[in-house]
Each structure stands twice: as structure tokens, then as C-alpha cells.
Amino acid sequence: MKLRPEFLVLKPGTLIVDFRAAGPISREAMYMSIVMLKNGLNSKVLNCLAMLLSRFLTSAVRAKKWHSMYLMEGLRARYCSSTNPPDQATINQLEEVKSISNQQKLYMIDPTTPGSIFFLPHGARLFNKLVEFMKVQQRMFGFEEVITPVIYKKDLWKRSGHWAHYKRDMFEVFGADHGEQSADGDMSSTENKSEYSLKPMNCPGHCLIFSRHERSFRELPIRLTDYSPLHRNEASGALTGLTRVRKFHQDDGHIFCMPDQVETEMNSCLKLIDTVYRIFGLDDYELTLSTRPETFIGTVEVWDRAEANLKEALNRSGKPWTVNEGDGAFYGPKIDILVKDNLGKQHQTATIQLDFQLPENFALEFTTSSGTQHRPVMIHRAIYGSIERFMAILIDHYQGKWPFWINPRQALVIPVSAKHAEYAQSVAEKLSGKLFTSNTESVPAGKLGAQVFNVEVALQDEPVNVRIRRAISENYSFILMVGDREVESNTVTMRPRGSRATQTVTVEELHQHFCKLQNEYA
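Given below as C-alpha cells:
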């Protein structure tokens with residue numbers, strides 16, 4: 302097969318690596334240098350190919366024979382040939398998303414921790430609102446939240462099958478098990494090194510929770526959800542903003558149910574996805590079924606049964622769906638949700654996976670109505686997918702003009718002059734629950750469940766019109782003006798984003814209006 306020359310590009314138009322002068326190929330370099338055989342190969346196939354090449358090619362093979370290309374298309378990384386360069390619209394889209402994130406001060410990245418996100422105050426507001434929103438929705442669908450460890454011994458990953466099939470994408474950690482404590486309190490000098498890994502997913506931990514107690518059919522289904530951070534060892538060249546990271550969060554959920562409950566639970570998962578995506582205006586999504594890959598655990602018969610169950614759920618959804626042959630997880634087939642960005646490009650977000658293998662690996666059992674023991678079925682599901690990636694999709698989707706309920710900048714109070722600053726601060730404190738002065742002597746305890754909002758005060762020594770223009774450019778949902786009239790009548794004059802019309806209301810009326818917008822996801 303004749304190979305076409307390729308290049309390694311991390312950002313549109315930026316050549317990062319050309320191995321022609323690098324000398325003999327090392328195994329690691331060959332793994333990182335993905336060889337393109339033809340357009341359209343997915344990343345899993347390319348990674349497998351690179352691993353095989355790293356094993357069988359000798360150091361005599363020169364790197365000048367191999368090039369690879371990493372290209373950003375829209376908001377996701379994909380492999381493609383040099384005959385398929387990024388279009389100008391895609392480049393503009395990437396720059397626009399980066400510009401919005403910087404302007405709104407949502408997050409930062411530092412080279413001391415590649416692939417990890419520093420969420421700045423406004424970005425943390427957005428992240429927490431997404432998590433809070435999902436927790437509310439999942440409670441409505443019967444999920445219970447758990448918090449699980451980040452690090453586990455490799456024995457767990459061997460038991461689950463991840464060590465054999467996923468080890469290359471995991472961060473290994475080496476710790477020391479100290480000896481017993483002596484009578485005088487000193488630790489024994491004997492240490493046994495143990496091999497650990499940062500968790501790339503939550504499913505083995507949730508299996509441990511299920512197996513902790515004897516389970517009855519009356520308890521099923523058990524629905525667990527987890528927002529603990531995950532770590533995956535992505536190639537350094539693939540790391541990109543929010544969309545390709547090493548440390549991330551998922552609205553990760555697992556359902557343990559009886560075989561005759563699978564249909565109902567799958568339908569419930571699809572309903573939850575539809576509910577969430579409609580609120581975000583992402584209801585024009587597509588469904589795909591990813592089937593058995595070449596490398597998998599379990600038997601073909603079990604896989605066929607799982608795929609048949611997913612097909613039934615897709616048919617009942619009433620939405621069109623397609624098949625993505627061979628792209629399932631190594632432990633089970635899955636349904637992927639693809640959403641479109643402003644350029645019409647698709648991005649995989651939510652996923653639902655049916656798993657008969659992990660319950661077998663962990664010997665999970667429940668007692669049936671007849672008193673016998675039976676294996677539960679496990680359903681993996683994430684509605685956002687990666688919360689970080691979902692944020693990137695929303696930045697592109699809303700172009701920084703966030704709906705009020707999720708806006709990290711919901712309102713800005715602008716005092717007309719310095720003498721109105723104290724009243725402006727009191728208005729902001731009532732709406733936000735945040736103290737804007739340094740006097741903390743008489744501050745009461747905050748109330749759980751209080752409806753508060755992201756309200757700030759513009760106290761800069763600048764003309765009013767300059768502060769108004771800044772509020773407009775930063776996409777505050779409301780500008781709240783306070784002057785002599787407002788101070789005297791205990792009111793504010795509000796101006797919604799995108800309108801020149803104003804309305805004078807009391808602070809209590811404004812709070813009620815904000816509550817209404819938030820409750821309606823407006």
C-alpha cells in the first residue's frame with residue numbers, strides 16, 4: 302500500500318512536528334506519530350495501528366518515512382490527511398470560541414499541568430450551574446449521588462478488564478504501603494511499593510458499592526451518579542482547550558437492574574437526554590449505535606444480546622438512528638448522541654452503554670423473587686459526557702450570550718455617581734447573597750436553598766456610558782441603574798440585554814423576576 306506524506310498539526314496552520322531529521326524511531330515516538338493509511342480511520346483504529354508499528358518496526362526504520370497530521374475540525378480533534386485542510390470557517394470558529402472564553406474570563410491553562418483546566422470565578426459559576434442543573438434532573442429520574450475515590454490499586458483494574466484493554470490511557474501512580482506502627486508511635490521502615498492508577502472512569506467503583514451489601518430484586522433498579530474527577534492519559538499533542546483534556550468531569554451514572562427492566566431504563570435514559578438537550582436548545586441531535594469492536598471482552602452471544610436491546614430502545618425512541626460499526630467500548634455496545642455546532646459539524650456528547658461483562662467480572666448478584674441468585678445488567682450513561690467539552694459546545698452554541706439562568710454574569714449594578722455606591726452594593730447583596738463590603742461583624746449565616754444570582758457592582762471611576770458599554774460587551778443579562786430617584790424610592794431601573802427599553806421596579810420585584818427566569822430556564 303502506498304503511503305501519502307502527512308504532517309503533525311496541533312493548531313490550524315501550525316506545523317509542530319516533522320520527524321524527518323529525528324533519526325531512528327523510538328517506540329514512544331512511533332506511538333505518538335500516527336501513520337495515516339487512508340481518510341476516515343477513527344482514532345481507536347489509528348492508535349492500535351501505531352501500537353503495532355511500535356512493536357514490530359526496528360530502529361533501522363527511519364522516521365523520515367512517516368509523517369502524521371493532527372488537525373482541529375470545529376471543537377474536536379480528528380485525524381485527516383493533508384488533502385483535507387481546515388476551512389476558513391472552522392478556523393474562525395476556533396478563534397471565536399477562544400476569544401469568548403478569554404473575554405469572559407472563564408478558564409485558563411498552565412504548562413505546569415498540561416491537559417488540566419483552571420476554572421476562574423466566572424467559569425466556576427458556569428461549571429457549578431451545569432452540575433447543579435444536572436443533579437436536579439437526575440433526582441427527578443431516580444438517581445442517587447455518590448462520591449468515590451480517585452485512586453485505586455491496579456488489582457481493581459485487572460479485575461474490571463481495564464488493565465488489559467485500557468492501561469495505555471491510564472495514569473499509573475506508585476505509592477508505598479508502610480509497615481505497622483510500633484508501640485512508640487514510629488512507623489516501620491519496611492515499605493512495599495504498590496502500583497495504583499488514577500481512575501479514568503467510575504464504573505468499577507460503582508460495582509464495589511453494589512457488591513458491598515446483599516441485594517434483593519426489590520431494590521432494583523439501583524441508579525448511581527458521580528461527579529468525581531477523572532484522568533485519562535491523552536497524547537500531549539491532542540490536548541486542546543476544554544475539548545481534549547487529561548483531567549475532566551462527567552455526569553457519570555450507572556444503573557444496576559434486572560434483565561426485564563432494561564427496556565424501561567433505556568427509555569428513561571433517552572427521555573432524560575431529550576429533556577436536558579431541549580432546555581439547552583440542542584434538540585437537533587442524532588443517535589448512533591456503536592457495535593462490537595475487534596478487541597472486546599465477553600462472548601459474541603452476550604454482545605449480540607446487548608446490541609439487540611439497544612436497537613429496540615432506539616426504535617422505540619421514534620428518532621432516526623445510524624450504526625457505527627466496530628466503535629463500541631471494549632466491554633459493551635453503546636448509543637452515542639451527536640449534536641451539531643453553528644457550522645453544522647457534529648460532536649459526540651451523551652452516551653448510553655449496556656454492559657453484561659462488568660457484573661460478571663465483579664460477580665455481582667441479587668436475590669430473585671424465587672430466592673435464587675442472578676446477575677444484574679449494568680447500564681453506563683452520561684448526559685453531558687465530559688462537562689468540560691459540553692461547556693465548549695455551549696460557548697460556541699450561545700456565542701457568549703448565555704441564557705439568564707446559566708449566565709455567570711446575570712446582572713451588573715451601575716451607580717450613577719459615587720454617592721450611590723453604597724445603595725448599589727446593598728442591591729447587589731440582596732440579589733446575590735454576596736458581601737460587597739469589608740465589614741463582616743454583623744454578617745448572618747447563609748441560608749441553604751436561598752435563590753441567589755450572579756450580580757456584580759461597577760464601581761470603577763469611569764463615566765456611566767463607558768461602564769454601560771462594558772456591560773453590554775461582556776453580555777450581562779441585565780444592566781441595573783441606580784441614581785437619586787432609585788435611592789429615594791428603593792428601586793432599580795433595569796435594562797435587559799439586547800434592548801434599550803428600561804423599567805423601574807423594586808428590588809423585591811426584580812428578585813421575583815429573576816427567580817421566574819431561573820425556574821423557567823430562560
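Each number in the numbering used here comes from the position in the sequence shown (counting from 1) with 301 added on. Backbone N, C-alpha and C fix where the C-beta goes; we use that ideal spot for every residue, glycine too. Owing to the predicted nature of the structure, the values given are computational and were not obtained by experimental measurement.
Here I780 carries a strand assignment [DSSP, helix/strand/coil].
Straight-line measurement puts the Cα of S529 at about 8 angstroms from the Cα of P450.
In this structure, V714 places its C-beta atom within 8 angstroms of the C-beta atom of V756. In the assembly as shown, V758 is a buried residue. Its beta-carbon has 16 or more other beta-carbons within 10 Å. At a Cβ-Cβ threshold of 8 angstroms, T668 and R516 count as neighbours. In terms of Cα proximity to K548, the closest of F557, C558, H555 and S537 is S537. Annotation: V678 is outside any alpha helix (DSSP H); the continuous beta strand (DSSP E) that includes it extends over V678 to S687. Take the alpha-carbon of V546 and the one of I523: they are about 31 angstroms apart. Closest in C-alpha terms to A722, from the list S671, C508, L781 and P415, comes L781.
Assigned with DSSP and collapsed to three states, Y699 falls in helix. I653 is bridged by DSSP to I636 and R682. Taking 3 residues as the minimum length, the beta strand (DSSP E) runs contained wholly in the stretch 748-799 are 756-758, 779-783 and 792-797, in order along the chain. Contact check for Q819 against F691 fails: the beta carbons are separated by 8 angstroms or more.
DSSP places F475 within a strand segment (E or B) once states are collapsed to three. A straight-line Cα-Cα distance of about 12 angstroms links L760 and V767. Taking a 10 Å sphere around the C-beta of Y822, we find fewer than 16 other C-beta atoms and assign the residue as exposed.
Contact between H681 and H555 holds: CB atoms are separated by about 6 angstroms, below the 8 angstroms threshold. Taking C-alpha positions only, T589 is separated from D785 by approximately 60 angstroms. Taking C-beta atoms as the reference points, I401 and V447 fail to come closer than 8 angstroms.
The beta carbon of D584 is closer than 8 angstroms to those of D575 and Y578 in its chain, skipping five residues each way along the sequence. The C-alpha of E689 is placed about 45 angstroms away from the C-alpha of E789.
Cβ-Cβ separation between L531 and M567: approximately 24 angstroms, too far for a contact (criterion under 8 angstroms).
Distances from the CA of V808 to each of T596, C570, F754 and A772 were compared; the closest alpha carbon is that of F754. In the same chain as L639, and ignoring 5 residues on each side of it, the C-beta atoms closer than 7 angstroms to its own belong to Y586, E587, T589, Q647, H648 and Q649, in chain order. Around the beta carbon of R519, a 10 Å sphere encloses fewer than 16 other beta carbons of the protein chains shown; the residue is thus reported as exposed.
Short of 8 angstroms from the beta carbon of F419, and not among the five residues preceding or following it, lie these beta carbons of its own chain, in chain order: Y408, M409, I410 and D411. Annotation: the stretch 512-569 contains the following complete segments of the beta strand (DSSP E) (minimum length 3 residues), in chain order: 523-527, 530-532 and 548-558. Put simply, of G750, L499, P560 and N625 the residue whose alpha carbon is nearest the alpha carbon of G476 is L499. Counting along the chain, the unbroken beta strand (DSSP E) around S591 starts and ends at E587 to S591. Counting along the chain, no beta strand (DSSP E) covers A614; the unbroken alpha helix (DSSP H) around it starts and ends at V601 to S618. Within a 10 Å sphere around the beta-carbon of P621 sit fewer than 16 other beta-carbons, which makes this residue exposed. Residue burial annotation: M435 is buried, with at least 16 other C-beta atoms found within 10 angstroms of its C-beta. E730 and E763 have their C-alpha atoms spaced approximately 22 angstroms apart. A direct Cα-Cα distance of roughly 46 angstroms separates L615 from R796.
Pairing R460 with P709 gives a Cβ-Cβ distance that is not under 8 angstroms. In this structure, the beta-carbon distance from L659 to C504 falls below 8 angstroms.
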